[in-house]
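Residue numbers (full-length UniProt numbering): 1 to 203.
In structure tokens form, the structure reads like this:
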């Protein structure tokens with residue numbers, strides 16, 4: 001209908017209050033905003049995936065692939081390791097609000113306020129969904145298509161055959177057998193991805 005009568009659709013949507021404008025999420029340049037998100041496609045099988053991506057260039061700063069019990073500690077550890085390696089701190093971090101990012105948020109706020117004590121929390125850290133940035137969300141789609149979907153299908157087949165019932169023991173077995181393989185595949189995928197040229201800012 002939008003193709004046939006775009007003006008009519010727009011006017012009716014406005015009249016009924018159903019038309020929404022996507023909130024723009026823009027970044028001035030690289031190394032300004034670090035976006036940290038989780039990928040839950042394999043979580044019910046015991047695997048957690050978190051990654052930090054530069055919101056401007058799409059460069060993956062780090063990616064954690066591990067087990068849920070250690071996610072919060074590892075996410076914070078990866079961030080502190082990034083600071084030690086690059087000697088650079090992003091102006092602002094954006095992440096989902098959850099138990100996995102509590103330590104990370106505390107570390108970033110403390111370090112930023114060490115030199116700028118008057119900074120407001122909103123100037124240092126932002127909780128929000130990655131869907132507000134289409135470019136960042138698109139990267140998860142690339143990872144799903146390139147890596148995690150095939151693992152999800154494989155583990156679902158094990159479940160259908162009665163070889164996985166979701167118990168802690170089942171998850172531990174999958175982790176023991178497949179964690180290093182999945183880590184290797186995803187890290188290789190990221191290595192290839194990071195060789196791209198800087199993308200123009202998307203909205």
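All residues carry an ideal CB built from backbone N, CA and C; glycine is no exception.
Runs of the beta strand (DSSP E) lying entirely within the region 125-178 and spanning at least 3 residues, in chain order: 125-127.
At the C-beta level, residue 27 and residue 55 come within 8 angstroms of one another. The beta carbons of residue 90 and residue 34 sit closer together than 8 angstroms. Across the set 140, 166, 57, 176, the C-alpha of 166 shows the shortest separation from the C-alpha of residue 44. In the DSSP annotation of this structure, residue 122 is not part of any beta strand (DSSP E), being labelled neither H nor E.
Taking 8 angstroms as the cut-off, the beta carbon of residue 144 is found no closer than this to the beta carbon of residue 100. Each residue's CA atom was taken as its position, placing residue 119 and residue 112 some 8 angstroms apart. With contacts defined by Cβ atoms closer than 8 angstroms, residue 92 and residue 53 do not form a contacting pair. Per DSSP, the beta bridge partners of residue 35 are 53, 94.
Counting only the Cα atoms, residue 79 lies some 21 angstroms from residue 180. Of the candidates 193, 154, 108, 104, 154 places its Cα closest to the Cα of residue 174.
For residue 62, the secondary structure class from DSSP, reduced to helix, strand or coil, is strand. In this chain, the alpha helix (DSSP H) harbouring residue 107 covers 102-115. Taking a contact as a CB-CB distance under 8 angstroms, the pair residue 51 and residue 63 counts as one, their CB atoms being some 4 angstroms apart. Contact check for residue 151 against residue 192 fails: the beta carbons are separated by 8 angstroms or more. Here residue 60 is near residue 190, since their CB atoms are less than 8 angstroms apart.
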